[in-house]
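Going by my numbering, the sequence shown wraps up at 165, each residue one higher than the last. Input: a single structure, listed below in structure tokens.
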Amino acid sequence: MSSVEHKNKAPKSLNYAIITISDSCYNGVAEDRSGKYILEKLSENNHVAKKIVVPDEEDKIKTAIYDSLEGIDCIVTTGGTGITKRDVTIQTIKKIITKEIVGFGEIFRYLSYKEIGFPAIISGAICGTIDDKIIFCLPGSLNAVKLGTDIISSEATHLIKHLRE
Numbered sequence: 001m002s003s004v005e006h007k008n009k010a011p012k013s014l015n016y017a018i019i020t021i022s023d024s025c026y027n028g029v030a031e032d033r034s035g036k037y038i039l040e041k042l043s044e045n046n047h048v049a050k051k052i053v054v055p056d057e058e059d060k061i062k063t064a065i066y067d068s069l070e071g072i073d074c075i076v077t078t079g080g081t082g083i084t085k086r087d088v089t090i091q092t093i094k095k096i097i098t099k100e101i102v103g104f105g106e107i108f109r110y111l112s113y114k115e116i117g118f119p120a121i122i123s124g125a126i127c128g129t130i131d132d133k134i135i136f137c138l139p140g141s142l143n144a145v146k147l148g149t150d151i152i153s154s155e156a157t158h159l160i161k162h163l164r165e
């Protein structure tokens, strides 16, 4: 079956949870522009059941993810994907995913490279499964979130169809 046929048989909309991982947004020092963008964009054709803001702390990230799993198809996180000492999103997510979908990060970094050049190597975007759910982890910058959300909007239903077969 071609990818077009798969997409035609995929769900038309999904239930999402959005988790912003940012000390500054959690503490009210910065506006959560990236989380708001994801919410607006995904709400166009889907249902966003939850939107949460947590600090860059492994236990808080895990709790937010586990608390978001019921009744949703996909989780999208934004923030905490860099290489500073406080950035722990990628390492935390890798501990709890069942399978990593490496193509997401590869495509994300390739498209980022086309936009910003070699600094794209620091883009810590990943995607994986947690049982029958998909989790997408995006950097916190608004430009990165716009790029990642375009990929998610295009492919999430297709991924869910494959995952639940």
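Heads up, the beta-carbon is just placed ideally off N, CA and C, and yes, glycines get one too. Since the structure is predicted, the reported quantities are computational estimates derived from the model, not experimental observations.
The beta-carbon separation of Asp-87 and Asp-56, rounded to 6 Å, stays under the 8 Å limit for a contact. Taking a 10 Å sphere around the C-beta of Gly-124, we find 16 or more other C-beta atoms and assign the residue as buried. C-alpha of Lys-50 to C-alpha of Ser-68: approximately 7 Å in a straight line. Note: Cys-127 is bridge-paired with Phe-136 in the DSSP secondary-structure output.
In the DSSP assignment, Ala-17 falls within the unbroken beta strand (DSSP E) covering 15-21.
Closest by C-alpha distance to Val-102, out of Cys-25, Thr-129, Tyr-16, Val-4, is Thr-129. A direct Cα-Cα distance of roughly 15 Å separates Gly-105 from Gly-79. Using a Cβ distance threshold of 7 Å, Thr-20 and Val-53 count as a contacting pair. When beta bridges are read from the DSSP output, Cys-25 appears opposite no residue.
Setting aside the 5 residues that flank it on each side, Ile-152 is surrounded in the same chain by Leu-42, Cys-74, Val-76, Phe-136, each with a C-beta closer than 8 Å to its C-beta; the list follows chain order. Gly-117 counts as exposed, since fewer than 16 other beta carbons sit within 10 angstroms of its beta carbon. When beta bridges are read from the DSSP output, Thr-77 appears opposite Ile-19, Cys-137.
Between Val-145 and Ser-34 the beta-carbon gap is near 4 Å, inside 8 Å, which marks them as a contact. Residue pairing by DSSP places Lys-50 opposite Ala-17 in a beta bridge. Within the region 52-114, the complete beta strand (DSSP E) runs of at least 3 residues fall at 74-78.
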